[in-house]
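Undergrad:
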Ligand code: ADP
Ligand code: MG
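This is the structure:
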């Protein structure tokens, strides 16, 4: 179980200080597929970065089965992340000087997994294993980053807008690969696509201006807001894009 309590995070100093997370309370059970929705600038990426230990919180706690990662030393946090956390970013962050095979093997090495080649095959990149990221399409590069994250066999997989800019087929492929492993991990995802949230998730959190303004199933959220549809509920809960 992941439990966030009173999580706060600000960027900048003095007059330019921005409170990006304004006290987030959140519980995610093992094996859950949770989706965080919200307008651009509402703090989704910052929340994922903090929950995954990529960034430090300013206040509050983030507990994994009772272990507060906010209190870990840098070294202990790095170890924790290596052993437990996978992260798929919107930008693929592949290593440009390494082939597909090596990029994926890196993920596997972290967890000591031997079957990373099976994962390359599963995402349909067997024929491109010896190619470099610059020789691949955007969708293929995203599949490499998915394979790398899955090869690590993480307990918790974070995905920050992984489907932004992918075409319909690439999006469907991505979800096929991720959901094939759904039973093996906890998944926490941000997306702009409401239908992805509705169809994939057990629980949806809606962020607005650094706060979690709703949490529950799509049906719960529709009921809470008294809206006619999930899209109407989302629009009622969120402001326009924040252009801070
Ligand atoms: P989202 O993912 O929902 O679009 P983010 O978490 O990326 O939102 O950003 C929330 C707010 O925090 C935005 O106003 C953004 O400009 C600001 N922000 C995010 N990261 C940084 C940073 N490293 N330094 C300063 N401001 C940041
Ligand atoms: Mg973001």
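In the numbering used here, the protein residues as written are 4 to 247.
Even glycine gets a Cβ: it sits at the ideal position worked out from N, Cα and C.
Just so it is clear, the structure is predicted and the values come from calculations on it, not from any experiment.
(1) Using a Cβ-Cβ cut-off of 8 Å (strictly less than) and excluding sequence neighbours within five positions of residue 84, which residues of its own chain qualify?
(2) What residue range is occupied by the uninterrupted alpha helix (DSSP H) comprising residue 107?
(3) Would the beta-carbon of residue 248 be found less than 7 Å away from any heavy atom of the ligand MG?
(4) The alpha helix (DSSP H) that contains residue 189, what's its start and end?
(5) What's the C-alpha gap between residue 240 and residue 91?
(6) Give a single yes or no on whether residue 149 has its beta carbon closer than 7 Å to a heavy atom of the ligand ADP.
(7) The alpha helix (DSSP H) that contains residue 182, what's its start and end?
(8) At a cut-off of 7 Å, is residue 47 close to the ligand ADP when judged by its beta-carbon and the heavy atoms of the ligand?
(9) Is residue 1 a contact residue of the ligand ADP, with contact defined as CB to any heavy atom under 7 Å?
(10) Measuring alpha carbon to alpha carbon, tell me which of 140, 94, 152 and 104 ends up nearest residue 113.
(11) Quick check on the burial criterion: 16 or more other C-beta atoms within 10 angstroms. Buried or exposed for residue 246?
(12) Are residue 283 and residue 160 touching if we call contact CB-CB under 8 Å?
(13) How would you call residue 157, buried or exposed, if buried means at least 16 neighbouring beta carbons within 10 angstroms?
(14) Please tell me whether, using a cut-off of 7 Å, the distance from the CB of residue 23 to the nearest non-hydrogen atom of the ligand ADP is below it.
(15) Between which two residues does the alpha helix (DSSP H) carrying residue 223 extend?
(16) Kindly indicate which three-state DSSP category residue 155 falls into: helix, strand or coil?
(17) Checking 8 Å against the spacing of the C-beta atoms, do residue 95 and residue 148 come in under that value?
(18) Less than 7 Å between the CB of residue 242 and some heavy atom of the ligand MG, yes or no?
(19) Would you say the stretch 126 to 142 touches the stretch 188 to 203, given that touching needs at least three Cβ pairs under 8 Å?
(20) Ignore the nearest five residues each way along the sequence and tell me which others in residue 32's own chain have a CB closer than 6 Å to its CB.
TA: Once the coordinates are examined:
(1) Residue mapping note: residue 84 aligns to position 81 of the chain shown, counting from 1. Taking residue 84 as the centre and dropping the five residues before and after it, the same chain places the C-beta of 55, 56 and 57 closer than 8 Å to its C-beta, in chain order.
(2) By 1-based counting over the chain shown, the position of residue 107 is 104. Here the alpha helix (DSSP H) through residue 107 covers 103 to 114.
(3) Beyond the ends of the chain as shown, which are 4 and 247, falls residue 248; an answer cannot be given.
(4) Here residue 189 is taken as the residue at index 186 of the chain shown, counted from 1. Per DSSP, residue 189 belongs to no alpha helix (DSSP H); it is in the beta strand (DSSP E), 189 to 193.
(5) Locating residue 240 in the chain shown gives position 237, where the first residue counts as 1. Locating residue 91 in the chain shown gives position 88, where the first residue counts as 1. Each residue's Cα considered, the two are about 27 Å apart.
(6) Position 146 of the chain shown holds residue 149. The answer is no for residue 149.
(7) Translated into the one-based positions of the chain shown, residue 182 becomes position 179. Counting along the chain, the alpha helix (DSSP H) containing residue 182 begins and ends at 171 to 183.
(8) Position 44 of the chain shown, counted from the first residue, corresponds to residue 47. Result yes, Cβ under 7 Å from the ligand ADP.
(9) No information on residue 1 is available, as it lies outside the stretch 4 to 247 that the chain covers here.
(10) Residue mapping note: residue 113 aligns to position 110 of the chain shown, counting from 1. Answer by Cα proximity: 152.
(11) Looking up residue 246 in the chain shown gives position 243. Its pLDDT being 49, under 50, residue 246 is placed unreliably by the model, and the measurement read from it follows with that caveat. Exposed, since its Cβ has fewer than 16 Cβ neighbours within 10 Å.
(12) No answer is possible for residue 283: it lies beyond the span of the chain, which begins at 4 and ends at 247.
(13) Numbered from its first residue, the chain shown carries residue 157 at position 154. With at least 16 other beta carbons inside 10 angstroms of its own, residue 157 counts as buried.
(14) Taking the first residue of the chain shown as 1, we reach residue 23 at position 20. Checking every heavy atom of the ligand ADP against the Cβ of residue 23, one is found closer than 7 Å.
(15) Position 220 of the chain shown, counted from the first residue, corresponds to residue 223. Unbroken alpha helix (DSSP H) run through residue 223: 221 to 228.
(16) In the chain shown, residue 155 corresponds to position 152, counting from 1. The answer is coil: DSSP assigns residue 155 none of H, G, I, E or B.
(17) Along the chain shown, read from residue 1 onward, the residue named residue 95 stands at position 92. Along the chain shown, read from residue 1 onward, the residue named residue 148 stands at position 145. Taking 8 Å as the Cβ cut-off, residue 95 and residue 148 qualify as a contacting pair.
(18) Position 239 of the chain shown holds residue 242. False, no ligand heavy atom lies under 7 Å from that Cβ.
(19) Judged by Cβ distances under 8 Å, the stretch 126 to 142 makes no contact with the stretch 188 to 203, as fewer than three pairs qualify.
(20) Translated into positions along the chain shown, residue 32 becomes position 29. 4.
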